[in-house]
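Going line by line, the protein sequences match chains U, W and Z. Letter 297 of the first sequence, counting from 1, is numbered 318 in the numbering used here, and no numbers are missing. Letter 85 of the second sequence, counting from 1, is numbered 106 in the numbering used here, and no numbers are missing. Letter 94 of the third sequence, counting from 1, is numbered 211 in the numbering used here, and no numbers are missing. Where a beta carbon is used, it is the ideal one built from N, C-alpha and C, also for glycine.
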Amino acid sequence: MTNQEWKFTTKDIAEKPDLFTSGHRACAGCGPATVLRLIMKATRGPTIVTEATGCMEVVSSIYPYTSWAVPWLHTAFETAAANASGIEAALKVMKRKGRLKQEHVDVLAFAGDGGTYDIGLQALSGAVERGHDFLFVLYDNEAYMNTGIQRSGGTPLGAATSTTPAGSVLPGKLEHKKPIAEIMLAHEMPYVATASPYYWKDMLTKVRKGLEVDGPAFLHVFAPCPRGWRSDPAKSIEYSKLAVESCVFPLWESVNGICQLSVPSKLVALAPQKKKSVSEYMQGQGRFRHLFTPQNKNLLEEIQRMTDEKWQRLLKKCQTEKT
Amino acid sequence: MTSREKSWKEIAPAGVCSKSSIEFLTGDWKTYMPVRDVEKCTLCLTCVLFCPDGAIRWRPEKGDIEFDYSYCKGCGICANECPTKAITMKLEKE
Amino acid sequence: MKSICKQRLMALSGDEAVAHAVKQSDVDVVAAYPITPQTIIVEKFGEYVANGEVQTEFVCTESEHSALAACLAASVMGARTFTASASAGLALMHEMLFVTSGSRAPVVMAIANRALSAPLNIHGDQSDSMAERDSGWIQVYVENSQEAYDSIIQAFRIAEDVGVLLPIIVGLDGFTLSHSLENVKVLEDDAVKKFVGIRQLPNVLTHEGKSVPFRLDPDNPMTMGPIAFPNYYFEFKRQQDEAMKNALGLIQEVNSEFAELCGRGYGNGLVEAYHLVDAEVAVVCVGSTAGTLKTVVDSLRNEGVKAGLLRLRTFRPLPVEEIRSALASVKAVAVMDKSLSFGGNGGAVFHEVRHALYDVDDRPYVVNYVYGLGGRDVNPRELRGVFEDLQGILRTRRVANLVRYLGLRE
Numbered sequence: 022m023t024n025q026e027w028k029f030t031t032k033d034i035a036e037k038p039d040l041f042t043s044g045h046r047a048c049a050g051c052g053p054a055t056v057l058r059l060i061m062k063a064t065r066g067p068t069i070v071t072e073a074t075g076c077m078e079v080v081s082s083i084y085p086y087t088s089w090a091v092p093w094l095h096t097a098f099e100t101a102a103a104n105a106s107g108i109e110a111a112l113k114v115m116k117r118k119g120r121l122k123q124e125h126v127d128v129l130a131f132a133g134d135g136g137t138y139d140i141g142l143q144a145l146s147g148a149v150e151r152g153h154d155f156l157f158v159l160y161d162n163e164a165y166m167n168t169g170i171q172r173s174g175g176t177p178l179g180a181a182t183s184t185t186p187a188g189s190v191l192p193g194k195l196e197h198k199k200p201i202a203e204i205m206l207a208h209e210m211p212y213v214a215t216a217s218p219y220y221w222k223d224m225l226t227k228v229r230k231g232l233e234v235d236g237p238a239f240l241h242v243f244a245p246c247p248r249g250w251r252s253d254p255a256k257s258i259e260y261s262k263l264a265v266e267s268c269v270f271p272l273w274e275s276v277n278g279i280c281q282l283s284v285p286s287k288l289v290a291l292a293p294q295k296k297k298s299v300s301e302y303m304q305g306q307g308r309f310r311h312l313f314t315p316q317n318k319n320l321l322e323e324i325q326r327m328t329d330e331k332w333q334r335l336l337k338k339c340q341t342e343k344t
Numbered sequence: 022m023t024s025r026e027k028s029w030k031e032i033a034p035a036g037v038c039s040k041s042s043i044e045f046l047t048g049d050w051k052t053y054m055p056v057r058d059v060e061k062c063t064l065c066l067t068c069v070l071f072c073p074d075g076a077i078r079w080r081p082e083k084g085d086i087e088f089d090y091s092y093c094k095g096c097g098i099c100a101n102e103c104p105t106k107a108i109t110m111k112l113e114k115e
Numbered sequence: 118m119k120s121i122c123k124q125r126l127m128a129l130s131g132d133e134a135v136a137h138a139v140k141q142s143d144v145d146v147v148a149a150y151p152i153t154p155q156t157i158i159v160e161k162f163g164e165y166v167a168n169g170e171v172q173t174e175f176v177c178t179e180s181e182h183s184a185l186a187a188c189l190a191a192s193v194m195g196a197r198t199f200t201a202s203a204s205a206g207l208a209l210m211h212e213m214l215f216v217t218s219g220s221r222a223p224v225v226m227a228i229a230n231r232a233l234s235a236p237l238n239i240h241g242d243q244s245d246s247m248a249e250r251d252s253g254w255i256q257v258y259v260e261n262s263q264e265a266y267d268s269i270i271q272a273f274r275i276a277e278d279v280g281v282l283l284p285i286i287v288g289l290d291g292f293t294l295s296h297s298l299e300n301v302k303v304l305e306d307d308a309v310k311k312f313v314g315i316r317q318l319p320n321v322l323t324h325e326g327k328s329v330p331f332r333l334d335p336d337n338p339m340t341m342g343p344i345a346f347p348n349y350y351f352e353f354k355r356q357q358d359e360a361m362k363n364a365l366g367l368i369q370e371v372n373s374e375f376a377e378l379c380g381r382g383y384g385n386g387l388v389e390a391y392h393l394v395d396a397e398v399a400v401v402c403v404g405s406t407a408g409t410l411k412t413v414v415d416s417l418r419n420e421g422v423k424a425g426l427l428r429l430r431t432f433r434p435l436p437v438e439e440i441r442s443a444l445a446s447v448k449a450v451a452v453m454d455k456s457l458s459f460g461g462n463g464g465a466v467f468h469e470v471r472h473a474l475y476d477v478d479d480r481p482y483v484v485n486y487v488y489g490l491g492g493r494d495v496n497p498r499e500l501r502g503v504f505e506d507l508q509g510i511l512r513t514r515r516v517a518n519l520v521r522y523l524g525l526r527e
């Protein structure tokens, strides 16, 4: 892994051309769209992107229009990481046989929580185990949004989705959010990190680190969906801030297995009195509205308790692994 | 099907896209539009970064930002994130 | 007449012959997952890689679905790709088969034809690739290991032709061919490399308004695999069907060119007619059983029976004209199926041959023999019985059963 410190300012990013261009058909206020747009600005080029079926894939590639100014391939829902493996293998052999013009090409895979947690997990795990040189970015809007907001392995406990609605008997999803970043960490891969678009500088630094690392890298990005979360489209970025401030989505990174808390979460750790409650994070999200009724009081408390527990475990982990 | 749609003999195989989405204007989606108070704007470029549609651009040659209403979907993220509250969402008049 | 190229004799099983052909064909990426009875192909290839005999990138994927996805992605990078599978593995790839052909990626895949579960069966029948006949892949079935070797080499040329640009399956019967040692004449490395050549790419118009080679290239970005709504999708499918039509001619050309090079042609590439010129009774067969049938036809001919055999080498695209002309004199045809389309009143080959013959003047009797499912062996005596049944049909002018199960315990 190179120790290259990528220095950039807001103006640097703002001036970079959009490689994920305007005219895509994402909803107004789409979190993933901001995530992808910013991440593409952080690429160092040349880049080849492959993407799993999902919101971002569909909205950016409605024939005959494309929002991609880089080579881009979509094949199926499960296959983001398998495609990345094939592209990377082709680049390697083309270089070996003297047919590659470029010195190096970055392979970048995008997938939503569907194409990562669930149907795409096998291909991701396999590609990482094989050590392909690529960056896999998960844009997590916490449900299968493109097909109508159905629950995924990434849907958090208590969230209402179209397959786990909040009804008179059941209060939304009963299962926990799969700890996908920890699962990837357990693969003992070179680079794993979590990011949130409000903290764009942190996010883009991590993107560059992931691209620069030699071998597989995984970036879990929190990406609010106003449509699926039934929240104000204007607040998508704000929610990505609240998620970190309430420790629902802490920011950390792991370089060769050593975990470090990222600055935004470090600040929360240093000033625990300023840590926000999960209720504050959930306010205004229609998918959690039922949790504020008297009969779901226990569940809400349970969620707060578990969030705190997980946060403490993370703090301990990062403490003990301080280099 | 309009007469200018191409036949199977004319299109590129395998669905290789033939137009950039820049030609697809999403600006008519919005109900509210962002209006900037230039006095309050510090050109921090936060709105430029956070716009999901890249509809706010930093123009270094002008030393200013510009709003491209032909793509803006009126989500209001720019107004919500502006640190000086320089942007307000106003009902778009026809 | 030009002399044929230098070749040497090797003792190879069908799988080994396939692997050897892949080794010589300057393949860029092999992404595969093992499954009986294809395992020897990937194992042999692993040996080549370990010994530095190939420059190929060998990706041992974690499933067949990912294997084909990786091959597809490598192929649209402009790389020459190969994979192999069978049975459940091919079934697992099902979704990706359609994506690959729809993406016009010329992946070459060897299928060591094997029965599908349930119950689990590792032995040879053709239900795996017959079930994929709608997937838009060219399908060529071989009679022996020699043809397996020859057809893999030809496959790269067929698939990569810019007028075709379709993926191709080369089917060899599981265990019967995949694991049986045969004499195989192999060409020299240079001769194969020259025959397969460098992969050519057509030019496509991208969203940048440039006409550039059809591959993922940072210098010429293009978007592949979009969503196409009802107002566009149909046209892409029509293009695929046209490519299949182009393949009919190309398969014949490649067959001739290969025959000129090494002295071996397989009929006209689409079908192989054996003693059909004046045949009155004939069997249509796909795959290795044709070999046994040839000896049966020989002995019947010795007895004065006007028997013949039509081996369908290419199943997709279906060579309708060749089927009609080859069987022009035949009055009773038995179509052999080493697979079964449940509830479909017979097997796939039967359906399609009968369909091809429907429009001929004075069409023959066409009956179906489903045989060999799950690797059940069929012997010359049973096959001789088929011809006797056909003679019976002509005598009585009656078909007792349109679909029969040969070798089944009734």
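{"Item": "Judging by CA-CA distance, which residue of U:Met224, U:Thr74, U:Pro85, U:Ala35 is the nearest neighbour of valine 284 of chain U?", "Value": "U:Met224"}
{"Item": "Go ahead and pull the three-state DSSP assignment for histidine 241 of chain U.", "Value": "strand"}
{"Item": "Where lysine 311 of chain Z and glutamine 256 of chain Z are concerned, what is the direct C-alpha to C-alpha distance, given to the nearest angstrom?", "Value": "24 Å"}
{"Item": "Can you tell me which of the three DSSP states proline 481 of chain Z falls into?", "Value": "coil"}
{"Item": "Decide if the stretch 99 to 113 of chain U is in contact with the stretch 147 to 156 of chain U; the criterion is three or more beta carbon pairs, one per stretch, under 8 Å apart.", "Value": "yes"}
{"Item": "Considering just the uninterrupted stretch of the beta strand (DSSP E) at proline 55 of chain W, what are its terminal residues?", "Value": "53 to 57"}
{"Item": "Considering threonine 68 of chain U, what are the terminal residues of the beta strand (DSSP E) in which it resides?", "Value": "68 to 72"}
{"Item": "Is it the case that the Cβ atoms of valine 176 of chain Z and alanine 148 of chain Z are separated by a distance below 8 Å?", "Value": "yes"}
{"Item": "Who are the Cβ neighbours of methionine 533 of chain Z in its own chain at under 8 Å, not counting the five residues just before and after it?", "Value": "Outside the shown range of chain Z, which is 118 to 527, sits residue 533 of chain Z, and nothing can be said about it."}
{"Item": "Of all the CB atoms in chain U, is at least one closer than 8 Å to the CB of alanine 136 of chain Z?", "Value": "no"}
{"Item": "In or out: glycine 249 of chain U buried (at least 16 other Cβ within 10 Å) or exposed?", "Value": "buried"}
{"Item": "Please name the residue, chosen from Z:Phe346, Z:Ala396, Z:Ser268, Z:Ile239, that lies closest to valine 225 of chain Z on a Cα-to-Cα basis.", "Value": "Z:Ser268"}
{"Item": "For glycine 95 of chain W and chain U, any beta-carbon pair shorter than 8 Å?", "Value": "yes"}
{"Item": "Check whether the Cβ of threonine 47 of chain W lies closer than 8 Å to any Cβ atom in chain U.", "Value": "yes"}
{"Item": "Residues of chain U with CB closer than 7 Å to the CB of proline 497 of chain Z, please, in chain order.", "Value": "Near proline 497 of chain Z there are no residues of chain U at all, since even the closest Cβ is about 46 Å away, more than 7 Å."}
{"Item": "Note down, in chain order, each residue of its chain lying with its Cβ closer than 8 Å to the Cβ of methionine 22 of chain U, except the 5 sequence neighbours on either side.", "Value": "Model confidence at methionine 22 of chain U stands at a pLDDT of 38, short of 50, so the residue's coordinates are unreliable and nothing is read from them."}
{"Item": "How far does the beta strand (DSSP E) with tryptophan 332 of chain U in it reach, from first residue to last?", "Value": "No beta strand (DSSP E) holds tryptophan 332 of chain U; the alpha helix (DSSP H) holding it covers 318 to 341."}
{"Item": "Among residues of its own chain, excluding the 5 on either side of serine 328 of chain Z, which ones have a beta-carbon nearer than 8 Å to its beta-carbon?", "Value": "Asn320, Val321, Leu322"}
{"Item": "Identify, in the order they occur along the chain, each residue of the same chain with its Cβ nearer than 8 Å to the Cβ of tryptophan 254 of chain Z, setting aside the five sequence neighbours on each side.", "Value": "Leu214, Thr217, Ser218, Met226, Leu283, Pro284, Ile285, Ile286, Arg433"}
{"Item": "On the DSSP letters alone, give me the boundaries of the alpha helix (DSSP H) that cysteine 99 of chain W sits inside.", "Value": "98 to 102"}
{"Item": "On the DSSP bridge assignment, give the partners of asparagine 320 of chain Z in chain order.", "Value": "Z:Pro330"}
{"Item": "Tell me the start and end of each unbroken beta strand (DSSP E) in the stretch 116 to 147 of chain U that is at least 3 residues and wholly inside, in chain order.", "Value": "127 to 133"}
{"Item": "Is it right to say asparagine 462 of chain Z is buried, meaning 16 or more other beta carbons lie within 10 angstroms of its own, or is it exposed?", "Value": "exposed"}
{"Item": "Counting only runs of 3+ residues fully inside the stretch 182 to 207 of chain Z, write out the beta strand (DSSP E) ranges in chain order.", "Value": "198 to 202"}
{"Item": "Select from U:Gln123, U:Glu124, U:Lys256, U:Leu156 the residue whose C-alpha is nearest the C-alpha of threonine 137 of chain U.", "Value": "U:Leu156"}
{"Item": "List the residues of chain W whose Cβ lies closer than 9 Å to the Cβ of methionine 341 of chain Z, in chain order.", "Value": "Ala35, Gly36, Val37, Cys38"}
{"Item": "Per DSSP, which one or two residues make a beta bridge with threonine 431 of chain Z?", "Value": "Z:Val257"}
{"Item": "Please name the residue in U:Gly75, U:Ile108, U:Cys268, U:Asn319 whose C-alpha comes closest to that of glutamine 294 of chain U.", "Value": "U:Cys268"}
{"Item": "Does the stretch 318 to 333 of chain U come into contact with the stretch 292 to 304 of chain Z, if we say contact requires no fewer than three beta-carbon pairs (one atom in each stretch) closer than 8 Å?", "Value": "no"}
{"Item": "Rounded to whole angstroms, how far is the Cβ of serine 142 of chain Z from the Cβ of valine 281 of chain Z, which I believe are closer than 8 Å?", "Value": "Not really, about 17 Å apart at Cβ, beyond 8 Å."}
{"Item": "Can you tell me whether DSSP reads cysteine 177 of chain Z as helix, strand or coil?", "Value": "strand"}
{"Item": "Helix or strand or just coil, what does DSSP make of proline 218 of chain U?", "Value": "helix"}
{"Item": "Isoleucine 258 of chain U versus chain W: which residues are under 8 Å apart at the beta carbon?", "Value": "Phe71, Ile98, Asn101, Glu102"}
{"Item": "Where does phenylalanine 313 of chain U land, buried or exposed, given buried means 16+ other C-beta within 10 angstroms?", "Value": "exposed"}
{"Item": "Assess contact between the stretch 160 to 177 of chain Z and the stretch 127 to 144 of chain U, defined as three or more Cβ pairs (one per stretch) separated by less than 8 Å. Is contact present?", "Value": "no"}
{"Item": "Is the CB of serine 106 of chain U under 8 Å away from at least one CB in chain Z?", "Value": "yes"}
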